[in-house]
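Undergrad: The opening position of the sequence shown corresponds to residue 23 in my numbering, with each subsequent residue numbered one higher.
Where a beta carbon is used, it is the ideal one built from N, C-alpha and C, also for glycine.
Encoded as structure tokens, here's the structure I'll be asking about.
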Amino acid sequence: TTLRLNPFFADAGTYTVTLRAGATNATESFSGSTNITITVLPNPALQITRWKLATNGNWSVATNWTDGLPDSNKVAVIDLGGDYRITLDSVSPTIAGLVIGGGNGAPKLAINSHSLTLNGSSIIRSNAVMLSTNATINGPGLLAVEGALVLNGINLNSSNALVIQPSALLHIPSTGEPTFARPTRIS
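Given below as structure tokens:
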């Protein structure tokens, strides 16, 4: 058995994992547990750029981000409190990773007729929404969904997984079925 950990950029810290086991045979039974402490260190090579306005706006406007546009060396972090929509407009970026949500409100990322390539682990937090229409999500990065993912005519092309957490909403309107080329797991 393999224990696979895929921490996100914002998950640096110390965690305790408790492993429990039990067995019974004809003459005796056994049970036990052990704690394993795991320390996740931040990746010093990974840069971030945050959306800095709690208002609607276009992805391609560099001044809307704290450190310029997200790219293959920068994780896009959209965690400012508020209800707003960021539209992936005239670009089809390749980014180091993506984090949507985590603060108050319900931030949304809308991807319409563009591609987004995720080179690293990405997450849609429980209070966030990703809306995709006739779009493509590429790349080797895992995409975990705790919030809402709306897929309307989308292609998911990747060598890594799409993980839908139990509390998440996966909405597929009847007008456009998605194509899944990546492993998909609904927890």
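Could you tell me the boundaries of the beta strand (DSSP E) in which residue 187 lies?
TA: Careful: residue 187 lies outside any beta strand (DSSP E) and carries neither H nor E.
Undergrad: Tell me the start and end of each unbroken beta strand (DSSP E) in the stretch 63-121 that is at least 3 residues and wholly inside, in chain order.
TA: Here the runs fully enclosed are 69-72, 96-100, 107-110.
Undergrad: What residues in its chain sit with their C-beta under 6 Å from that of residue 156, if we drop five residues either side in the sequence?
TA: Excluding sequence neighbours, residue 156 sits near 135, 175.
Undergrad: Which partner residues of residue 127 appear in the DSSP bridge assignment?
TA: 104, per the DSSP bridge assignment.
Undergrad: Can you tell me the Cα-Cα spacing of residue 115 and residue 79, whole angstroms?
TA: In a straight line, the C-alpha of residue 115 is about 16 Å away from that of residue 79.
Undergrad: Out of curiosity, what's the CA-to-CA distance linking residue 56 and residue 40?
TA: Taking the straight line joining both Cα atoms gives about 6 Å.
Undergrad: Mind checking residue 71: buried by the 16 CB within 10 Å criterion, or exposed?
TA: Per the 10 Å Cβ criterion, buried.
Undergrad: Count the other CB atoms within 10 Å of the CB of residue 74; is the residue buried (16 or more) or exposed (fewer)?
TA: Its Cβ having fewer than 16 others within 10 Å, residue 74 is exposed.
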